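Working notes, beginning with the structure itself.
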Ligand SMILES: [Zn+2]
Ligand SMILES: [Zn+2]
């Protein structure tokens, strides 16, 4: 470092430090489908959802991609942060580590840290999918490393075709369990799909330290977060921050079905906050 640079560097560093200190955390948020803005891309469209730290994640990033027929998102790529995709409509070839799996609407796939992956539109209509990226303190340690070897005690890259999911009856409708395991970068990652019959609620409003993301597949819900109720429909994304009280009810005349993603990181508190 030159003497001049040595003198200057605290000044250069200051805005970065301030920025880090001021970086807002994503609180509980309801993103409605109507609230997203579609921007054209080279391969279709993109809708931004969010990109912010949360109470328990270094960063939570989400967007919605639309891929035109025959096109690929990008050549197979790798990154340390783990990624979950939910296909809303269309048909995709999902590429993971050199293997392609063709999936249709409703399917879910998970890309473990540093596994090469890509998707290609295998249908004759646009394909639209929700992307969720999770960054934790462990993610930084995985940068530039080889993917972890397969381990039954950890969720690796996986494809969950909608038509292979098994529905079990519940008191209020149905449940499809996909996974609940630690991953390379998350202390636990749990994904399931819940269906609630018209007029019913899955549970009374509750709270938990782990953060929850909900994507509405179909139906109409009244979502109450910290006492405020919002009506949402298909394509809505809910982010429920650590320990915020949340609940919902199916207020439509048909079934309501939604995906639930629950994430625990090294920063997730062990107990429910008292207030
Ligand atoms: Zn990716
Ligand atoms: Zn919950």
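Residue numbers (our numbering): 8 to 282. Just so it is clear, CB atoms sit at the ideal spot from N, CA and C, and this is done for glycine as well. Predicted model, so just to flag it, every value in this text is computed and none were measured.
For residue i, the first and last residue of its enclosing beta strand (DSSP E)
i           : result
residue 153 : Segment: none, residue 153 is in no beta strand (DSSP E) and carries neither H nor E.
residue 127 : 124-128
residue 180 : 180-188
residue 199 : 195-203
residue 225 : 218-225
residue 84  : Unbroken run through residue 84: none, as it is neither H nor E.
residue 47  : 45-47
residue 263 : 263-271
residue 74  : 66-74
residue 121 : Counting along the chain, residue 121 falls outside any beta strand (DSSP E), and DSSP gives it neither H nor E.
residue 42  : Taken as a continuous stretch (DSSP letters only), residue 42 belongs to no beta strand (DSSP E), as it is neither H nor E.
residue 142 : 134-142
residue 55  : 51-59
residue 36  : 36-38
residue 176 : 174-176
residue 208 : Looking at the DSSP string, residue 208 is not in any beta strand (DSSP E), and its letter there is neither H nor E.
residue 165 : 165-167
Residues near residue i by beta carbon distance below 6 Å, same chain, minus five either side
i           : result
residue 134 : 74, 97, 99, 128
residue 227 : 240, 258, 259
residue 109 : 100, 129
residue 8   : Residue confidence is low: residue 8 scores 49 on pLDDT, short of 50, so the model does not pin down where it sits. Its coordinate-derived value is still stated next. Taken in chain order, the list of residues that qualify is empty.
residue 280 : 250
residue 91  : 117, 139
residue 242 : 40
residue 247 : 35, 219, 253
residue 66  : 60, 142
residue 268 : 198, 220
residue 172 : 183
Candidates the options: closest to residue i by CA position
i           : options            : result
residue 158 : 188, 144, 180      : 188
residue 103 : 113, 92, 111, 124  : 124
residue 38  : 31, 70, 64         : 70
residue 136 : 206, 169, 115      : 115
residue 153 : 171, 49, 121       : 121
residue 264 : 199, 91, 276, 212  : 199
residue 36  : 208, 274, 222      : 222
residue 219 : 175, 180, 262, 141 : 141
residue 224 : 203, 214, 210, 208 : 203
residue 105 : 230, 95, 85        : 85
residue 143 : 269, 170, 171, 194 : 194
residue 174 : 232, 167, 184, 166 : 184
residue 266 : 207, 182, 213      : 182
residue 87  : 94, 211, 278, 150  : 150
residue 80  : 48, 178, 229, 234  : 48
residue 168 : 113, 215, 210      : 113
residue 55  : 186, 148, 244, 207 : 244
residue 176 : 201, 186, 156      : 201
residue 234 : 215, 255, 216      : 255
residue 93  : 179, 107, 155, 165 : 165
Cβ-heavy atom distance, residue i to ligand 1, below 7 Å
i           : result
residue 139 : no
residue 213 : no
Cutoff 8 Å: residue i Cβ touching any chain D Cβ
i           : result
residue 134 : The displayed structure is made up of one protein chain only, and chain D is not part of it.
Chain-order list of residues whose beta-carbon lies under 7 Å from that of residue i (same chain, five-residue window excluded)
i           : result
residue 190 : 89, 119, 161, 162, 196
residue 41  : none
residue 52  : 45, 46, 73
residue 32  : 59, 60, 61, 62
residue 82  : 125
Residue i: CB within 7 Å of a non-hydrogen atom of ligand 2
i           : result
residue 253 : yes
residue 219 : yes
residue 247 : yes
Own chain residues within Cβ distance below 8 Å of residue i, not counting five before or after
i           : result
residue 22  : Because residue 22 sits at a pLDDT of 49, beneath the cut-off of 50, its placement in the model cannot be relied upon, and the point is left open.
residue 131 : 76
residue 273 : 143, 144, 145, 194
residue 78  : 50, 51, 127, 128
residue 64  : 141, 142, 143, 218, 270, 272, 274
residue 147 : 65, 87
residue 214 : 250, 251, 252, 253, 279, 280
Inside the stretch 86-117 only - beta strand (DSSP E) runs reaching at least 3 residues: 89-96, 99-103, 106-110
Completely contained beta strand (DSSP E) runs for the stretch 229-255, where each covers 3 or more residues: 235-239, 244-247
Residue list, Cβ distance to ligand 4 heavy atoms smaller than 7 Å: You won't find ligand 4 in this model; what it holds is ligand 1 and ligand 2.
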